[in-house]
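Below: the structure, in structure tokens.
Protein chains: 2
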Amino acid sequence: MAKKWTQLWLQYKPRKDCGNKGYFENVWICGFSAEHKIVVNLLKEVEKAAAGMLDVHPDFKEWSADETAHTGMLLCKSEVSHIGAEGYEISEKAGLLTVSAREEKGLLYGVFHVLRQVALEQSVSDCYLCINPDNPLRMYNHWDNMDGSIERGYSGESFFFANNEVIVDERIEDYARLVASVGINAVVINNVNVKDNATWLITDRYFKDVAKMAEIFEGYGIKMFLCLNFAAPMELGGPDSADPLDPEVRRWWEKKMEEVFEAIPNLGGFLVKADSEGRPGPFSYGRTQADGANMLADIIKDYGGIIIWRCFVYNCTQDWRDYKTDRARAGYDNFIQMDGDYHDNVILQIKNGPMDFQIREPISPLLGGLVKTNQMLEVQIAQEYTGHQIDVCYLIPMFKEILDFRTYCAKEDDTVADIISGRTFGNKNCGVAAVCNTGNDVNWTGNDLAAANFYGFARLAFQTSLTAEEIAEEWIRMTISCEQEVIDTLMGILLPSREIYENYTSPLGIGWMVVPHEHYGCSVDGYEYSRWGTYHRADHLGLGVDRTYNGTGFVGQYHEPNVSMYNAIGTCPEELLLFFHHVPYTYQLKSGKSLIQHIYDSHFEGVEQVEEMILAWESLDGKIDADVHRTVSERFQRQLLNAKEWRDQVNSYFYRKSGIPDEKGRKIY
Amino acid sequence: MAKKWTQLWLQYKPRKDCGNKGYFENVWICGFSAEHKIVVNLLKEVEKAAAGMLDVHPDFKEWSADETAHTGMLLCKSEVSHIGAEGYEISEKAGLLTVSAREEKGLLYGVFHVLRQVALEQSVSDCYLCINPDNPLRMYNHWDNMDGSIERGYSGESFFFANNEVIVDERIEDYARLVASVGINAVVINNVNVKDNATWLITDRYFKDVAKMAEIFEGYGIKMFLCLNFAAPMELGGPDSADPLDPEVRRWWEKKMEEVFEAIPNLGGFLVKADSEGRPGPFSYGRTQADGANMLADIIKDYGGIIIWRCFVYNCTQDWRDYKTDRARAGYDNFIQMDGDYHDNVILQIKNGPMDFQIREPISPLLGGLVKTNQMLEVQIAQEYTGHQIDVCYLIPMFKEILDFRTYCAKEDDTVADIISGRTFGNKNCGVAAVCNTGNDVNWTGNDLAAANFYGFARLAFQTSLTAEEIAEEWIRMTISCEQEVIDTLMGILLPSREIYENYTSPLGIGWMVVPHEHYGCSVDGYEYSRWGTYHRADHLGLGVDRTYNGTGFVGQYHEPNVSMYNAIGTCPEELLLFFHHVPYTYQLKSGKSLIQHIYDSHFEGVEQVEEMILAWESLDGKIDADVHRTVSERFQRQLLNAKEWRDQVNSYFYRKSGIPDEKGRKIY
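Read top to bottom, the protein sequences are chains A and B.
Going by our numbering, 268 is the number at position 268 of the first sequence; the sequence numbering is gapless.
Going by our numbering, 697 is the number at position 28 of the second sequence; the sequence numbering is gapless.
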């Protein structure tokens, strides 16, 4: 029988014991009700995992304190202060492994931690730790449409929606298990571009099914969020306005939210894309973004709801002739003045960079630019600009760079990780979201290797101190193989893959150069004369966008010393050189190479690196699952074609424009 | 009440009499049956036209030779040899205007000629002429799909099809009247890309409605043709092959054609796009294009059917790195060897240029290259690459150039007009087709001024000696106004409009530089690194495609002296310079300007010319129909935006690439 879908890192294949088996013979519960939905689910999970990995069938029992010499695993409620609401502690003593938590959700994470150790073939008797998640909100944003399509989806159709209906089936449960096992606690199920039927998700047309799905999620500690259409009052037969300060509009929303939270009481709240790329919003009524967000937030506050408001607001009808307007400035310019005006249950969700999920961008200056506003980081594991899950691009190293970036917004705790976790400003409504890369493909993510991002983002969101290497190795062991040779080979593929992708695509932070709309494949001038604000400004002498004080002044949006660092060509990190400066082709880089020679060299190198990755992958034939090997091999061939096309187009474009030949005399067209 | 659609040049508005009224009081019929469908229709037309234009209601009577002193109009059958099958003669004597013809169809054209004179406010008593149409087939090709969409349609949806059904309504009759009035005698109703339901047009699923439409057409002397899916046997449940030499496939087609011609006995035949842009064809089976065409032609010969076979066969997955393969060569290379192999009821339909309906191309070397094959010229009035019926582009001057081009395939009668009319080789199955620009918009053609092409192509097809000026003036008088000021102003807009479009778009025959797929708007590099074989090869020193003997050798496909003319940069017509040569920016043109300065100047000039056109058009406000004036004004504003965008993108692109400034110091970005 054909598999309907894989179980990814929850395969529970037989594992070497490593002394873990004993802990699964008796499982004691203390202080938690075995009837609680989350506990029921986690016990099922333990049973399944123990049977699959260690061939043992646990006995579940209530703990009674008078018994002595217990061995096995104890799942124990604990009120000790170092365990946070979603945290857990694991300790071992005399054959008894104790997983302590304050709440069921923490217990769930603790249990999954134990199961992960087993899957990794590591002894849990070594475990002695207390882990509290770093980020309050750890969220997946799905851009799924109700017709079943997925905006920027590269893994088949939606498993949340089909034919304008909500799907509630076994896969939803598996999805919840998968993401909960790595600590995700919030999920947005529909596309931020809310249109057509999706506007009706907040009506009784869909309440029943949405509530069912939310209940499944709740059983795994996951809050469901929905995306809202800001113009919903007008489209759902309410007042003929969406003005957030219009009392009639407000009354309409009050009534609507009453209905919504009555039908879906465990709903987490809403994600809103307003005044962006054609979506309606408060600007249409001369109101501020804060007016819009606060109006909604106030209404849902009593239901415990929060409003997550996206900051992706920019002029998408720019004139390419205009060298002064800079899309990179837009997020900051549109949101900074209202800093402090947003109510406490509003979070601004900020894309990692000021443009749009390019392979290399500086950090958005809003992150840490805002100092009195709840902030959430948005990254994208859907590989919109990073290879469409055809090309391998392990993104965790990029996310680490983002999290580690020092914004200098505070004396201490000034990194992006500090800000979004709440450490910097002491706030609770904050965290990190990723635009997700899943769909109804058998393997969830199209390219099997793209699941490393699906896994890795969540792990990093939970524990930002994990390294990209640790996460990659965990994922490989759990999903592909625990054989050292396989692990080494795959680490060698995953870890440099982002830089390889960067090598054969757009150089030194300039970004774009992609086929318009589709965003896969090269088109150097594809966006150069367009309205999207995404230019490289190449001429016969050089390229790059001058964003210094001499140019668009974007650099001024950062705190010092970042301003000075970016503003001077000599101190600007070279990987971002063309993002901040217009640079002559003959400019000498730190490597001693000219800019143009660097472009040629990195593009030839990128293709060679892909060829090496393919050789490495081919060496795994017979050592890993045959289906996975074949599927990924096919995608690698497409990646190679893509890389060659980028190499030749970029090199030819700049050779034709500059007239400067490659020093090494390689073939340029 | 809102008009459902306009009547274009058959409005029959009140006209100045000019002494014409008397001819419409009595209309005599001699030798033709008043019951014949065409005669019935033409009498209805006379009645309507006479009432509308001259407020007279004709008395229709059988002619009796013994009566004397008849006045009025006599519609008379004649067997004199100088009147051809579709020709007519008009003469006046003593108050009797005689329209003579051999057949009803000729009579229809003669009557429409008379009605046209009335509409033009010219006395028909001056008429003394005999006109035989120049081209045997005068055809419109509609690219209408059965879902109602139109490929490259810029005038709304189809009026032939909607929701996968054939529409037979009053508009079909009006369409037939309109095109018959200007001499069209053949119409293909469905898209050459035959897919989905259109494959089923030759099944009893659609026979009834198709036959009804064909009957309406027949009443106006129009043969209906259909486009065929060469893979129909496989898709309609026949043999699992479409190999033209497979006896089973042949038998399937025999049976199919028997059904088709039984159901639609007056069908003219089929137009086939095979082995082109993904369409199936004989090449898939290692057969020649002649094998495919002849097989079908033989089968339908006994039904009087003909096969029109398109020559638009080229490699649409070319590698842009390949400078030797030349799409311009493909038509000739694919078809020349089989010259003489095509059976007599096969016609090869050849696009005017070797590429694809660009604003400026040389003539396809197949025209006159083939000397033993029926040839038909294909032009496009759907403004795919010439402004989408947003921009005004009167195409008749271009068609005149095409028809007048000397191919040197024969000592005399060597022009394209000679070849396709049958004068050169004495053949009958030949003529001219245009991809049509109509849709179900109220005004038929989106832009009211685009109807000048709809009218003009047909008039030119009938009578190739007409000048572009004559046709424009006729159309203006019949459709817009007979006021001299309006005529002068509109002539001033229409006649230079093709050169104006050329000025602000791609220079000197290079073509393309359009937004891929859409083909409206500028994208200089849009196709430069693509698989479509459409390149400009610009670098920092120059641009153009070397198609001389030093380059792709395309020039060798012409007859001398054309070969030598195109091969040498000094004798190559400058408007085609970049089509045939790769030229340095500093090359001096005959005007004394450098190539780069010509590019700058023509692009600035093009925009100024559009501004002048708009001023001219605005001066007509109040002097012509207000709806027409407003609709066209709106389009002119879009044309101006388009022209400015082209100007700035092309100039900026070449300035950035060449580094050579505009001598006049104008703004380039």
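All C-beta atoms, glycine included, are put in the ideal place defined by N, C-alpha and C.
Query, Result
"Nearest candidate by alpha-carbon position, reference B:Val1276, set B:Gln1318, B:Thr1255, B:Pro1253", "B:Gln1318"
"Chain B contacts from the stretch 625-651 of chain A (Cβ-Cβ distance under 9 Å)", "Glu645, Asp648, Gln649"
"Contact under 8 Å by Cβ, B:Glu694 with B:Asp728", "yes"
"Cβ-based neighbour list, B:Gly1334, same chain, cut-off 8 Å, excluding 5 preceding and 5 following", "none"
"DSSP state of B:Glu694 mapped onto helix, strand, coil", "coil"
"One or two residues paired with A:Ser91 in a DSSP bridge", "A:Thr98"
"Within chain A, the residues that B:His1209 reaches when beta carbons sit closer than 8 Å", "His540, Arg656, Lys657, Ser658, Gly659"
"Collapsed DSSP secondary structure at B:Ile1329 in the structure displayed", "coil"
"DSSP three-state assignment for B:Phe701, whether helix, strand or coil", "coil"
"Every unbroken beta strand (DSSP E) within the stretch 993-1063 of chain B, with a cutoff of 3 residues, ordered by chain", "1015-1020, 1044-1049"
"B:Arg979, DSSP secondary structure in three states", "strand"
"Nearest candidate by alpha-carbon position, reference B:Gly1180, set B:Ala1295, B:Asp1270, B:Arg1206, B:Asp1157", "B:Arg1206"
"Continuous alpha helix (DSSP H) assignments of at least 4 residues falling wholly in the stretch 206-235 of chain A", "207-218, 232-235"
"8 Å Cβ cutoff, B:Tyr681 in contact with chain A", "no"
"Proximity to B:Thr1300 [Cα-Cα], best of B:Phe1131, B:Tyr1227, B:Leu1118", "B:Leu1118"
"Neighbouring residues, chain B, relative to A:Cys522 (Cβ below 9 Å)", "Tyr1198"
"Beta-carbon proximity of A:Asn352 to A:Ser364, cut-off 8 Å", "yes"
"Short Cβ contact (8 Å threshold) for B:Asn1106 with B:Gln1058", "yes"
"Local conformation of B:Val1183 per DSSP, three classes", "strand"
"Contacting residues, own chain, Cβ-Cβ under 8 Å from A:Trp200 (five flanking each side not counted)", "Tyr206, Leu236"
"Proximal residues to A:Ala458 (C-beta, below 7 Å), its chain only, five neighbours per side dropped", "Arg138, Val179, Val182, Gly183, Ile184"
"Secondary structure of A:Arg635, DSSP reduced to three states", "helix"
"Inter-residue spacing [alpha-carbon to alpha-carbon] between B:Ile885 and B:Val1104", "21 Å"
"Beta-carbon gap between A:Trp617 and A:Tyr504 smaller than 8 Å", "no"
"Where B:Tyr1338 meets chain A, residues with beta-carbon distance less than 7 Å", "Arg321"
"Euclidean distance between Cα positions of B:Lys924 and B:Cys1078", "40 Å"
"Closest Cα partner of A:Ala49 within the set A:Ile402, A:Ile167, A:Leu10", "A:Leu10"
"Cβ neighbour criterion (16 or more within 10 Å) applied to B:Lys1069", "buried"
"CB contact flag (B:Phe1074, B:Pro802, <8 Å)", "no"
"Proximal residues to A:Tyr501 (C-beta, below 7 Å), its chain only, five neighbours per side dropped", "Ile359, Thr386, Gly387, Asp391, Cys393"
"Backbone secondary structure at B:Val856 - three-state DSSP", "strand"
"Spatial distance of A:Ala2 from A:Gly439 (CA atoms)", "For A:Ala2, the predicted structure reports a pLDDT of 48, less than 50, and the residue's modelled location is therefore unreliable. A value from the coordinates is still provided. Cα to Cα, A:Ala2 sits roughly 18 Å from A:Gly439."
"Under 7 Å (Cβ pairs) to chain B, residues found in the stretch 324-335 of chain A", "none"
"Any C-beta of chain A under 8 Å from that of B:Asp915", "no"
"Rounded separation between B:Asn804 and A:Asn447 - CA only", "59 Å"
"Whole-Å CB distance - A:His141 paired with A:Ala568, under 8 Å assumed", "Here the sequence assigns Asn to residue 141 of chain A, which means His is not the residue at that position. That belief does not hold up - the Cβ atoms of A:Asn141 and A:Ala568 are roughly 37 Å apart, past 8 Å."
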